[in-house]
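The structure appears right after this line, and notes come after that.
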Ligand SMILES: Nc1ncnc2c1ncn2[C@@H]1O[C@H](COP(=O)(O)OP(=O)(O)OP(=O)(O)O)[C@@H](O)[C@H]1O
Ligand code: SF4
Ligand SMILES: [Mg+2]
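Residue numbers (this note's numbering), protein chains in the order written: chain B, 883 to 1198; chain Z, 2 to 332; chain P, 65 to 354.
Have a look at this one:
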C-alpha cells in the first residue's frame, strides 16, 4: 500500500506543475495585456508602462512564472483589482456553497443510480431493465441547463413549490438553505445518474455471471446479501475509476447550475470574473479548481485501492 | 443401489438455446445416490458434467430449460419454492467448484466467506462462528488458520483456496457434497492430497458425495459407483469394482486407455481418444460415439442404443456391441 | 469458468450476422432527423424564411401564425427562422470541433499505439495534463482570454476533444497491431508508413468515426452550455443555447421560447448519440467485429 501511495504521489507532482504552467500561460501568453485591461480606455502609454513595471510584466516570462509560482506556494494568489478581495478570500467564501451543492448532487445521483443499477442487473433483459436502460440513454442527451430550465418551469413557475433562484447560508437557516439547493442539486443529479447506472449495471451483470456468485447462491445466502455484499463491491471498481471524469463534469455542471440558480459558489465567481474581465481572480480560480481536481483524482485512486485488496497488496 | 436413496435424478434434460440452435447439454439422465455413498461421474470435457451438477443444484444459466425430476431428501427440487431451496443449499446440499481461482469472492476475506455460511444456516453468534471457522480450516489442513481468516483469496495458493472452498462446503455438515472436478485446476502433486482430504472428511461426516472428473483414475479407489457420460448421456453405469473388472462400453475402454500409465515403458506414446465429441447442437441419429468407435456396426449409425443392464442388474451400458473380453482393463 | 468463455466466443461468431440485421426503428428515425436538420441548415438561405435578425417590436412573443409559423421571440424575431439558423451554428461547431479532435487525437493515438515506448508515455502524459482541468472550466477560461467568436470556440472545443480521440485510437491500434495481418505485413518488410496508412488506418477509422458521432453530441451540448451562459457565440447570431438562455427570461409567459430550441437540441443530441452508440457497438474491436 505504501508503495502504491508513493508511486501515485510521485506522479501527482509533475501533473500539478503542468497544471500551474498551463494556467499561467493561458493568462500570460494570450493576446491582451493585463495592464490595458486594468487601466481601461483612459490608459496613457506612461500609465501602462508604470503599471507594467509595477506588476513585473516587463520581466521575462519564465521569471514571471517563477515569481508567480513562489507567491502561489506561499498562499498568495493575488487580489482582485476590482473588489480588492484576495483570491483566497473570494474562494474561501464561496467554496462551501459549491461543495454542498456537489455533495448533495452526488448523493442524489448515487441514490437514483445505484438502486436502479442493482434492480436492472438482477432482472437484466426484463421489461423494467429495458425501460430504465432506455431512459438512462435518453437522459444522457439532456444537457444540464435544459433539465435546469425544465425543473424551474415545473417546480418554480407552474407548481410554485420551490424557489427558482437565491441562496441562504446553512448556518443562518438550514431548512431554507436546503430548499434553495433542492432544484440545483437535483439538476446535477439528473445529469449524473445515467452514467452511474449504466456503468454499474453492466459491471454488475458481468459480476453476477462469476463463479463466486454461483457459489454464493450454492451456499444458500439471501438474494439481498448476494447482491449487496458479494456483487456490489467487486462491481463498483469501474464506477470508482470513472468518478474522476464524473467529478470534472460535475464541476462544469456546477458552474452552469450556480449561474442559473444564482448560487454564490465558485462557478458564479468564475463566470463573474470572466464577464468583468477580472483576470487575477480568473487565473486563481482556474488554478485552484485544476489543482483541486487533480488531487481529487488522486484520492479516487486511493479509494480504488481500498476497494480492491489485490491492488492494495501490490498484485496486478 | 442399496440403502435409502438421498438423491435421485430422473429423466433430466437440460436444453440451452444458443445462436447455433438448441444445445442439449444433458440428455435424459437417470442417477441415484444413497445416503453416505459416493458416485463418480466421468467424461470428456464438454460432455455435460457441470450442467448436470448445476441442474441438481438448480443453478443453471437463466436461459437454460430443465425438465425431469430431481428428488433430494424426499423433496422435488424443481417444485421447491425459492426460499426453501435457499435454506437447503449450503445446509444439506453443498458444492465445490472446478476452479478455486474464480470460485471465491476476491474482495471478501476468507473469514467472511466462511462465517456467512455458518451464520446463514446455523444461527451462531460471532464468536462461535469464528471458532467453528478456525476448526474447519484446521480440519482441511490449512496451517495457521486464525491468521487466514483475515486474508483475501489472492493471498493463498490454488491448493489452499480449494481447501478453503472445501471447508466452506463442509461447514454446515451437508448430507450431499458435489465436487465438480475439484482438482482439475490444481498441480498434480496437490491433486491426490485434495482427493484424500475429501474422502477422509466424507467418511468422518457420513455424507454422500458426487465426484465429477474426466479422469477414470480418480474414481477408481474412491467411489462406490461410477457413471460414464458421453455427449450429455450416461453411457455406462456400474458399481466401481464391477466396472473396473469388466467394462462393456467402448467409450469407457477408450477413456481408460487414454490414461497415462505409471508403469508403462518410457516413451510409449499416449493413446488419446482419436476424433472429437459430436457437435452438441447437431445430435446424431444413432450412437453418439459411433464416429469414433472402433467396434461400430451399421446399426450404430441409425439407432440409439438404450442404457440397459445385461446380465447383472447393477451394470448398465448403452451399446449394441459391448466389449466381451476383459480387454486390458486391469491396467 | 469454461462455460462462460464459450458464451463469449459464440457471440463473437455471430457478430457478422448481427451486422446485417436491421438496425431498428429508432436508429432510422435518428438518421431521418439528422438528415432533416442538415438539410434545413444547409438550405437556410434559399428557404422562404423571414430574416432571423429582423426585429418587430409590435409583434413580440407573437403566437403561432401563418406569417410566423412558430411565433416570434422577445424581440419580435421569427422563431422558426432563428431555430434553423441556430441549427447552422450548432452543426458547424458541433462538426468542426470533433474533426480537430479526430485528426490530431486520432493521429497521436495511432502513433502512440503503434510505436509504444517513450513516445507513447509522452503522449499519454501530456493528455493527462489536458485532462487535469474540468473541460467546461478550461473552455470558459480560454474563451475569456481569446475572445468570443465561432472560430475560437471551435478550436477550443476541438482541442478539448483530443485526449478522448487519442484514447480510442490508441486502444484500437494496440489490439490491431498484434493481429496476424499486421505482423504479416511487418514480416514482409512493409514500411511503418505503409502499415499505419494501409493496414491500421482503415480499421481504426471505424471506431474513431463512431466516437466522432458521440463527440458531435457532446460538442453540441458544450457549445449550447457556453452560449446559454452568454459566453459562446457572440450576439446577434442565434444559436440554440443562446435562444434557450433568452427564452428562460420569459418562462412564465411564453415557455415555448425556451422549449422549442430545447426540443430541437435534445432531438439532435439524442440522434447523434443513438447512431454513434449503435456504430460503436458494431465496431468495438474487442468483440471481434472487424
Ligand atoms: N452458458 C452456456 N451457454 C451455452 N452453452 C453452454 C454453456 N455452458 C456450457 N455450455 C455447453 O454445454 C455443454 C456441456 O458443458 P459442461 O460445462 O457441462 O461440460 P463439462 O462436462 O463440465 O466439461 P468440462 O470438463 O470442460 O468442465 C458443452 O457443450 C458446452 O459447450
Ligand atoms: S453402440 Fe456401436 S458405436 Fe456406439 S459404442 Fe457401441 S459399438 Fe460403438
Ligand atoms: Mg465442468
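Each residue gets a CB set at the ideal place from its N, CA and C atoms; glycine is no exception.
According to the DSSP secondary-structure assignment, residue 41/Z is paired through a beta bridge with 212/Z, 227/Z. Neighbours of residue 326/P across chain B, judged by C-beta separation under 7 Å: 1028, 1031. The beta carbon of residue 148/P sits closer than 6 Å to those of 104, 108, all from its chain and outside the five residues before and after it, given in chain order. Out of 100/Z, 172/Z, 89/Z, 24/Z, the CA that lies nearest to the CA of residue 113/Z is found in 172/Z. In chain order, 196, 197, 198 make up the part of chain P whose C-beta sits under 8 Å from the C-beta of residue 1175/B.
The secondary-structure analysis by DSSP pairs residue 70/Z across a beta bridge with 11/Z.
Three or more Cβ pairs drawn from the stretch 188 to 199 of chain P and the stretch 1128 to 1135 of chain B lie within less than 8 Å of each other, which places the two stretches in contact. Contacts with chain Z (Cβ-Cβ distance below 9 Å) from the stretch 1093 to 1111 of chain B involve 1093, 1094, 1095, 1096, 1097, 1098, 1099, 1100, 1101, 1102, 1103, 1104, 1105, 1107, 1111, listed in chain order.
Under the three-state reduction of DSSP, residue 981/B is assigned to helix. For residue 22/Z, the enclosing beta strand (DSSP E) covers residues 22 to 35.
Chain order gives the chain Z residues near residue 1116/B as 106, 107, 108, where near means a beta carbon separation below 8 Å.
Contiguous alpha helix (DSSP H) elements confined to the stretch 1059 to 1115 of chain B occur at 1093 to 1100, taking only those with 4 or more residues. In this structure, the beta-carbon distance from residue 1089/B to residue 1116/B falls below 8 Å.
Listed in chain order, the non-local C-beta contacts of residue 17/Z below 6 Å within the same chain comprise 24, 26, 65, local neighbours out to five positions each way being set aside. The beta-carbon separation of residue 1002/B and residue 1021/B, rounded to 14 Å, does not stay under the 8 Å limit for a contact. Under the three-state reduction of DSSP, residue 101/Z is assigned to helix.
Around the beta carbon of residue 899/B, fewer than 16 other beta carbons sit within 10 angstroms, so the residue counts as exposed. Taken through DSSP and simplified to helix, strand or coil, residue 935/B comes out as helix. Where residue 103/P is concerned, the enclosing alpha helix (DSSP H) starts and stops at 89 to 106. Non-local C-beta neighbours of residue 203/Z in its own chain, meaning closer than 6 Å and more than five positions away in sequence, comprise 210, ordered along the chain. DSSP, read as helix, strand or coil, puts residue 77/Z in strand.
Listed in chain order, the non-local C-beta contacts of residue 285/Z below 6 Å within the same chain comprise 279, local neighbours out to five positions each way being set aside. A direct Cα-to-Cα measurement between residue 39/Z and residue 222/Z gives close to 11 Å. Relative to ligand 3, the beta carbon of residue 51/Z is positioned inside 7 Å of a heavy atom. If you ignore the 5 residues before and after residue 287/Z, its C-beta comes within less than 7 Å of the C-beta of 301, 302, 303, 304, 305, all in its own chain and listed in chain order.
For residue 99/Z, the Cβ falls inside the 7 Å cut-off from some heavy atom of ligand 1. The C-beta of residue 1190/B comes closer than 8 Å to at least one C-beta of chain Z.
The beta carbon of residue 68/Z sits closer than 6 Å to the beta carbons of 14 from its chain, once the five residues preceding and following it are set aside; these are given in chain order.
Counting only unbroken stretches of 4 or more residues, the alpha helix (DSSP H) elements lying wholly within the stretch 198 to 261 of chain P are 199 to 210, 214 to 241, 244 to 251, in sequence order. Residue 179/Z: not part of any alpha helix (DSSP H); member of the beta strand (DSSP E) spanning 177 to 181, first to last residue. One Cα belongs to residue 170/P, the other to residue 232/P, and the distance between them is close to 8 Å. By the beta-carbon neighbour count (other beta carbons within 10 angstroms, threshold 16), residue 1008/B is exposed.
For residue 206/Z, the three-state secondary structure derived from DSSP is helix.
For residue 89/Z, a Cβ of chain B is located within less than 8 Å of the residue's own Cβ.
For the options 1138/B, 1141/B, 1065/B, 1096/B, the alpha carbon positioned closest to that of residue 986/B is the one of 1065/B.
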